[in-house]
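My numbering applies: residue 30 is where the sequence shown begins, and numbers increase by one.
The beta-carbon is built from N, C-alpha and C at its ideal position, and this holds for glycine as well.
This structure is a prediction, so every number in the text was calculated from the model and none was measured.
Please read the structure below before turning to the comments.
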Amino acid sequence: MTALPKSGHVVCFGEMLARLSPEAGTPLARAHSLALAIGGAEANVAIALASLGQPAAMFSSVPDNPLGLRALAALGEAGVDRRFVRRAAGRMGLYLFEPPSGPIGGG
Numbered sequence: 030m031t032a033l034p035k036s037g038h039v040v041c042f043g044e045m046l047a048r049l050s051p052e053a054g055t056p057l058a059r060a061h062s063l064a065l066a067i068g069g070a071e072a073n074v075a076i077a078l079a080s081l082g083q084p085a086a087m088f089s090s091v092p093d094n095p096l097g098l099r100a101l102a103a104l105g106e107a108g109v110d111r112r113f114v115r116r117a118a119g120r121m122g123l124y125l126f127e128p129p130s131g132p133i134g135g136g
């Protein structure tokens, strides 16, 4: 078994998700293509921490298929430790996100 990261490291535990979204300003109802991004609250935190220079690791499971490989790559590209992410048979959660198409009211 791999040892846990040293003191000062943050280990994030949770489900990784695939996010599909149209180009900014394009409603889902009119979109002809969708961009793929990897997310999930805990993965987002791990990626944000790594971007700030804080050592972070992800503890999760991803499917043993191309989508799971993409999720692992996204973590690696961000500098997140992936030693605790296992690949196994299964599926990955998916969500759709429609970026705002106009000004966001401040109240």
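Item                                                                                                       : Value
Segment limits, alpha helix (DSSP H) that includes SER89                                                   : Here SER89 belongs to no alpha helix (DSSP H); instead the beta strand (DSSP E) covers 85-92.
Of the residues ARG115, HIS38, ALA66 and CYS41, the one placed nearest LEU123, counting alpha carbons only : ALA66
9 Å Cβ cutoff met for ALA60 and GLU52                                                                      : yes
Counterpart residues of LEU50 in DSSP-defined beta bridges                                                 : For the sequence presented, residue 50 should be read as Ser rather than Leu. Note: SER50 sits in a beta bridge opposite ALA64.
Integer Cβ distance of VAL40 from ALA86, believed to fall under 8 Å                                        : 5 Å
Sequence-distant residues of its chain with Cβ nearer than 8 Å to ALA75 (five each side left out)          : VAL39, CYS41, ALA85, ALA86, MET87, LEU104, ALA107 and VAL109
Status (buried if at least 16 other CB within 10 Å, exposed otherwise) for GLY97                           : buried
LEU98: first and last residue of the uninterrupted beta strand (DSSP E) it sits in                         : It is not in any beta strand (DSSP E) - LEU98 instead sits in the alpha helix (DSSP H) that spans 95-107.
GLU44 versus LEU81 - alpha carbon distance                                                                 : 22 Å
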